Structure formats: C-alpha cells, structure tokens
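Asks: When the letters of the sequence shown are read in order and numbered with the numbering used here, they come out as residues 1264 to 1352. No residue lacks a Cβ here, since even glycine has one placed at the ideal position from N, Cα and C. The structure displayed is predicted, hence computed values, not measured ones. Structure incoming, see below.
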Amino acid sequence: MSNQAGLDVAALAAELLKHLREVAAPSENDLLEREQAADYLHICVDQLDALARKGKITRIKLGSGRARVLYRRRDLDAYLDRHVIAAKN
C-alpha cells in the first residue's frame, strides 16, 4: 500500500468514527426510561429508584397515578461526575 493510500484510509476512518459518534451518541437532553437510565449507570432499577427517592438523581414524572418516569442523560452524567474519585499519584 502506498503512503498516500494509507493516509486516505486513515482520513476516511477518522471521518467515519466522527460521524458514528455524532449519530450514536445520545444528546445530553435525551430522555431515558427507567431501565435505560439504570443500564446507563450500570445499576439495577431498584437502586435507581432509591437514588431518585433520596433526591440524589433528578427524575421527571409525567402524568398522575402510575406516572411515567424519565431521566435526562445530563442529570445522570451530573450524578456520575459527583461520584468521581480522583486517582492517587
């Protein structure tokens, strides 16, 4: 493979990765169902519900009675950011 062909392939691969990230990555305003939010945090739904009841994670309730509960991705990210432990040198 010539050097030019290698550069063309690398440039194409970089563009493809950029496009896939833009298409596949949810926006910070995306709303997630309970199961999706729990999966996103790598916890079970019961743990997610407990965190929401304690006010540790913001949730959105739509409707009354058996309301639909949704979570904003940016709120989940904020929760994760609050729980980052700095690495020790």
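Below 8 Å on the Cβ atoms is my guess for Ile-1320 versus Leu-1339; work out the distance and round it to an integer in Å.
Replies: At roughly 7 Å, the Cβ-Cβ gap stays under 8 Å, so Ile-1320 and Leu-1339 are in contact.
Asks: Where does Leu-1325 land, buried or exposed, given buried means 16+ other C-beta within 10 angstroms?
Replies: Classification for Leu-1325: exposed.
Asks: Look at the Cβ atom of Leu-1333, then the Cβ atom of Leu-1275, and state whether they are nearer than 8 Å.
Replies: Not closer than 8 Å, so no.
Asks: When DSSP labels each residue in this structure, what does Lys-1351 get in the three-state scheme?
Replies: In the structure shown, Lys-1351 sits in coil (DSSP, three-state: anything other than H, G, I, E or B).
Asks: Could you tell me how far apart the beta carbons of Arg-1316 and Val-1308 are, in whole angstroms, since I believe they sit closer than 8 Å?
Replies: That belief does not hold up - the Cβ atoms of Arg-1316 and Val-1308 are roughly 12 Å apart, past 8 Å.
Asks: If I follow the unbroken beta strand (DSSP E) through Arg-1329, where does it start and stop?
Replies: Per DSSP, Arg-1329 belongs to no beta strand (DSSP E) and is neither H nor E.
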